[in-house]
């Protein structure tokens with residue numbers, strides 16, 4: 001496992017980030033570092049050979065839920081949105097802050113305000129200019145809960161947005177917030193045209209989900225339900241040296257994993273953003289394909305509704321953790337492409353702190369259930385997405401929990417439907433979640449899932465977990481201007497959450513993607529497949 005992860009990280013840091021994916025041999029075993037050529041000695045691609053009118057087709061594991069960055073929380077939508085929308089800042093492959101629509105920024109010494117100087121000469125896809133007033137209008141709208149944006153809570157830290165001059169803006173927080181810069185680098189902290197936003201303000205029925213207008217190198221052309229989303233090159237993109245090299249990108253939802261694989265092999269699609277792990281090994285021998293794998297920012301888990309009587313006693317929640325062999329699940333479901341979760345956070349997240357995980361122990365699980373008053377187990381409903389990976393996890397959980405008398409009824413839903421059900425907070429029992437910490441720091445990995453005021457409706461703490469001690473720890477960490485103090489608070493919060501077990505902590509899945517060799521400069525940055533620099537020969 002270690003050698004494979006090192007191989008991937010080498011490719012990501014040198015190749016994905018610099019957009020030279022051809023440096024790693026696609027016909028080598030993706031689980032081995034022994035066959036990797038010296039990428040730094042590889043020749044640069046001859047971009048004179050690229051086809052300006054080429055179209056790349058990308059297979060996603062599900063349809064986008066929204067093309068509004070403020071109203072989407074799933075990775076499939078994000079893969080599309082990243083081609084069209086930009087923020088003031090972004091994160092590189094190492095989780096470091098990079099400038100995008102801002103030319104510089106400065107946080108106040110007390111971590112209560114953040115001032116940005118903005119890039120000039122940036123146009124939205126509708127021809128309107130980007131400036132400080134646009135930033136203010138966007139942030140004022142999204143954080144207003146009355147507007148019902150899914151990301152409203154994400155921007156809840158903002159107290160005021162002030163236009164200093166046409167290209168300078170200051171964001172003031174409600175209280176000291178040491179994570180403010182990372183929050184503004186999150187993929188949802190992007191901007192749409194003032195003209196487009198005004199349409200929504202004037203007409204509440206206007207659907208921003210279907211009218212994405214950003215500043216990115218690609219602009220929206222069409223969304224055909226269940227078939228594809230198409231984006232095309234934006235010729236007035238502000239960064240002339242980073243102009244789109246493709247005429248168009250087509251994003252197709254392909255729910256069945258085997259179908260995605262067959263389409264890639266047949267050349268019907270060019271990129272698969274979620275490759276079935278079982279195929280990652282076999283496809284590594286195909287000379288027409290490149291396969292890449294490695295650790296992610298995601299954590300897979302089973303959430304449970306702690307308001308229900310059967311989950312109120314933490315001994316029940318701990319019993320469920322002891323009853324599931326994560327190693328067996330990684331082996332059977334993920335084909336070895338993952339690591340056991342020993343925290344609510346991925347090890348790649350800043351301020352992650354390794355905890356004692358729940359070792360598989362059926363006797364311990366049965367003992368705890370009996371102590372809590374459930375010697376014969378109980379029945380439960382498990383909600384899951386209807387994609388191949390998630391259904392496989394659900395069936396594995398069902399099989400394992402029956403060993404302690406817990407009888408599971410698996411119910412699979414389309415992603416958007418499942419998110420809606422969880423958001424309403426009605427009828428929730430058990431559910432499979434996959435949380436990716438898009439800021440790459442601990443606050444956004446923990447706060448949305450475990451803080452008491454983030455419960456449904458419309459918030460992500462779908463298990464209704466409430467613990468005043470965890471609330472205080474996370475608030476203290478966020479206010480801390482001393483990194484050591486913040487790190488200590490986050491570590492204690494992770495320890496408490498692991499002990500309280502509001503989730504069945506499963507595993508950190510690896511990123512597994514594949515592409516055809518004639519497509520170059522595809523990148524992966526913090527779990528998101530980036531296609532802005534891609535071209536096709």
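In the working numbering, the protein residues as written are 1 to 537.
Note that the Cβ used here is the ideal one computed from N, Cα and C, for glycine as well.
All figures in this text were calculated on a predicted structure; none of them were measured in a lab.
Contact set for residue 350: own chain, Cβ-Cβ below 7 Å, skip 5 residues either direction: If we look at residue 350 and ignore the five residues flanking it on each side, its Cβ neighbours are 95, 440, 441, 442.
Helix, strand or coil at residue 298 [DSSP, three-state]: The answer is strand: DSSP assigns residue 298 an E or B state.
Whether residue 324 touches residue 504 by CB criterion (7 Å): At a Cβ-Cβ threshold of 7 Å, residue 324 and residue 504 count as neighbours.
Contacting residues, own chain, Cβ-Cβ under 6 Å from residue 244 (five flanking each side not counted): Sequence-distant Cβ neighbours of residue 244 in its own chain, meaning closer than 6 Å and more than five residues away, are 217, 218, 233.
Candidates 92, 231, 105, 193, of which the one nearest residue 135 by Cα: Cα-wise, what sits closest to residue 135 is 193.
Close beta carbons around residue 412, own chain, < 6 Å, minus the five adjacent residues each side: Listed in chain order, the non-local C-beta contacts of residue 412 below 6 Å within the same chain comprise 384, 386, 391, local neighbours out to five positions each way being set aside.
Close Cβ partners of residue 452 (< 6 Å) along its chain, the five nearest in sequence each way excluded: Cβ within range, chain order: 466, 471.
Supposed close pair residue 522, residue 534 - CB separation, criterion 8 Å: Residue 522 to residue 534, Cβ: 5 Å. Contact.
Three CB pairs or more closer than 8 Å across the segment 67 to 74 and the segment 185 to 201: Taking 8 Å as the limit for Cβ pairs, the verdict is that the segment 185 to 201 does touch the segment 67 to 74.
Three-state class that DSSP yields for residue 34 in the structure shown: The predicted model places residue 34 with a pLDDT of 26, which falls under 50 and marks its position as unreliable; any figure quoted below should be read in that light. Per DSSP, reduced to three states, the secondary structure at residue 34 is coil, with no helix or strand assignment.
Coarse secondary structure for residue 378, derived from DSSP in three states: Coil.
Cβ shell of residue 207 (< 6 Å), same chain only, five flanking positions each side left out: Closer than 6 Å at Cβ, skipping near neighbours: no residue.
Three-pair Cβ contact test at 8 Å for the segment 488 to 496 versus the segment 310 to 319: Output reads no: the segment 310 to 319 does not touch the segment 488 to 496.
Where the beta strand (DSSP E) through residue 407 begins and ends: Per DSSP, the continuous beta strand (DSSP E) segment holding residue 407 begins and ends at 407 to 413.
For residue 72, the three-state DSSP class (helix, strand or coil): Residue 72: coil per DSSP, three-state reduction.
At least 3 beta-carbon pairs within less than 8 Å: the segment 293 to 302 vs the segment 428 to 435: Yes, the segment 293 to 302 is in contact with the segment 428 to 435.
Touch test, the segment 87 to 104 against the segment 112 to 119, Cβ-Cβ under 8 Å, three pairs minimum: Result yes; three or more Cβ-Cβ pairs closer than 8 Å.
Residues bridged to residue 116 [DSSP beta-bridge criterion]: Bridge partners of residue 116: 105, 169.
Enclosing alpha helix (DSSP H) for residue 513 [first to last residue]: Per DSSP, residue 513 lies in no alpha helix (DSSP H) segment; the continuous beta strand (DSSP E) that holds it begins and ends at 503 to 516.
Validate contact between the segment 271 to 281 and the segment 252 to 261 using beta carbons, cut 8 Å, 3 pairs: Counting Cβ pairs under 8 Å, three or more are found: they touch.
Continuous alpha helix (DSSP H) stretch holding residue 248: start and end: Not the alpha helix (DSSP H): residue 248 falls in the beta strand (DSSP E), residues 248 to 253.
Endpoints, the alpha helix (DSSP H) within which residue 194 is located: Its alpha helix (DSSP H) spans residues 194 to 202.
Span separating the alpha-carbon of residue 371 from that of residue 315: If I take the Cα positions, the gap works out to 8 Å.
Touching by the beta-carbon criterion (3+ pairs, under 8 Å), the segment 277 to 292 and the segment 496 to 514: Contact between the segment 277 to 292 and the segment 496 to 514 is present, with at least three C-beta pairs closer than 8 Å.
Separation of residue 343 from residue 365, as counted between CA atoms: Answer to the nearest angstrom: the Cα atoms are 20 Å apart.
Residues sharing a beta bridge with residue 151, DSSP: According to DSSP, which records beta bridges pairwise, residue 151 is partnered with nothing at all.
Residue 353 versus residue 296 - alpha carbon distance: When rounded, the distance between both Cα atoms is 16 Å.
DSSP three-state assignment for residue 205, whether helix, strand or coil: Under the three-state reduction of DSSP, residue 205 is assigned to coil, being neither helix nor strand.
Three-state secondary structure assigned by DSSP to residue 273: The three-state reading of DSSP puts residue 273 in coil, since its state is none of H, G, I, E or B.
Cα-Cα separation, residue 56 to residue 270: Their backbone Cα atoms lie some 6 Å apart in a straight line.
7 Å Cβ cutoff met for residue 251 and residue 272: No, the Cβ-Cβ distance between residue 251 and residue 272 is not below 7 Å.
Cβ separation of residue 396 and residue 333, assumed to be a contact under 8 Å, to the nearest whole Å: Right, their Cβ atoms sit about 5 Å apart.
CA nearest to the CA of residue 140, picked from 160, 129, 127, 126: With distances taken between Cα atoms, residue 140 lies closest to 160.
Closest residue to residue 571 among 500, 382, 105, 361 (Cα-Cα distance): Shown here, the chain extends from 1 to 537; a query on residue 571 therefore has no answer.
Nearest-angstrom beta carbon gap, residue 131 and residue 167 [assumed within contact, 8 Å]: Indeed they touch by this definition, with Cβ atoms about 6 Å apart.
Residue 109 burial status per 10 Å Cβ neighbour count (16 or more: buried): Burial call: exposed.
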